[in-house]
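S.K.:
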Amino acid sequence: MLLEQMASLKGSVFFFQMVGFFLESLLFFLVLFILIGVVKEAKYAKKLQAAGTGMNMISLFWIFFGPYSFVSHAVSICVFFMGMIIMAIALIEEFVTERVRNREPLSEKKTKEFSR
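Count the sequence shown with the numbering used here and you get residues 9 to 124, in order.
(1) When the Cα of residue 87 is compared with those of 20, 12 and 37, which residue comes out closest?
(2) Quick check on DSSP: helix, strand or coil for residue 18?
(3) Whole angstroms is fine: what's the gap from residue 75's alpha carbon to residue 53's?
(4) For the candidate residues 71, 62, 44 and 20, whose alpha-carbon lies nearest to that of residue 83?
(5) Going by C-alpha to C-alpha distance, which of 79, 104, 12 and 97 sits closest to residue 55?
(6) Say whether chain D places a C-beta atom closer than 8 angstroms to the C-beta of residue 34.
(7) Between which two residues does the alpha helix (DSSP H) containing residue 67 stretch?
(8) Which residue's Cα is closest to the Cα of residue 102: 81, 51, 22 and 64?
Structure representation (structure tokens):
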């Protein structure tokens with residue numbers, strides 16, 4: 009049904025706007041799912057920070073430069089807050105690992121292993 013409507017508008021400017029909106033939304037969700045995959049596989053805080061920053065950048069791009077739609081802006085705002093939460097998790101993870109590293113220096117760990 010949607011394709012029939014698009015085919016009937018093939019010569020008009022609205023056709024190019026509709027195709028552009030469709031392709032841009034596909035790109036948005038492709039990048040979003042790639043970033044979600046990075047978050048799932050991330051083992052270090054830097055990867056989480058990069059994925060969260062990417063989510064923030066793509067959502068801001070979509071809000072400011074994408075076509076105006078209540079649904080697309082709502083999704084973009086949700087993605088932005090997901091990115092913020094992911095970056096907060098990365099920051100907490102970084103603080104925890106630094107605190108654990110500072111608790112016992114590496115030189116003491118090595119001497120304990122050799123003394124066993």
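Using N, Cα and C, we set each Cβ at its ideal position, and we do this for glycine too. Computed from a predicted structure; not experimentally measured.
M.R.: Let me spell this out:
(1) The residue you call residue 87 lines up with position 79 of the sequence shown. Measuring from the Cα of residue 87, the nearest candidate turns out to be 37.
(2) For this step, residue 18 is matched to residue 10 along the sequence shown. Looking at residue 18 - three-state DSSP - the assignment turns out to be coil, as it is neither helix nor strand.
(3) Sequence index remark: in the sequence shown, residue 75 carries index 67 (1-based). Sequence index remark: in the sequence shown, residue 53 carries index 45 (1-based). About 33 angstroms.
(4) As a working mapping, residue 83 is identified with position 75 in the sequence shown. Looking at the Cα atoms, 71 is the closest of the given residues.
(5) Locating residue 55 in the sequence shown gives position 47, where the first residue counts as 1. Residue 97 is the option with its Cα nearest to residue 55.
(6) Among the chains in the structure shown there is no chain D, since it carries only a single protein chain.
(7) Stepping through the sequence shown from its first residue, residue 67 is reached at position 59. Run containing residue 67: 53-73, per the alpha helix (DSSP H) assignment.
(8) Here residue 102 refers to the residue found at position 94 of the sequence shown. Considering only alpha carbons, the answer is 51.
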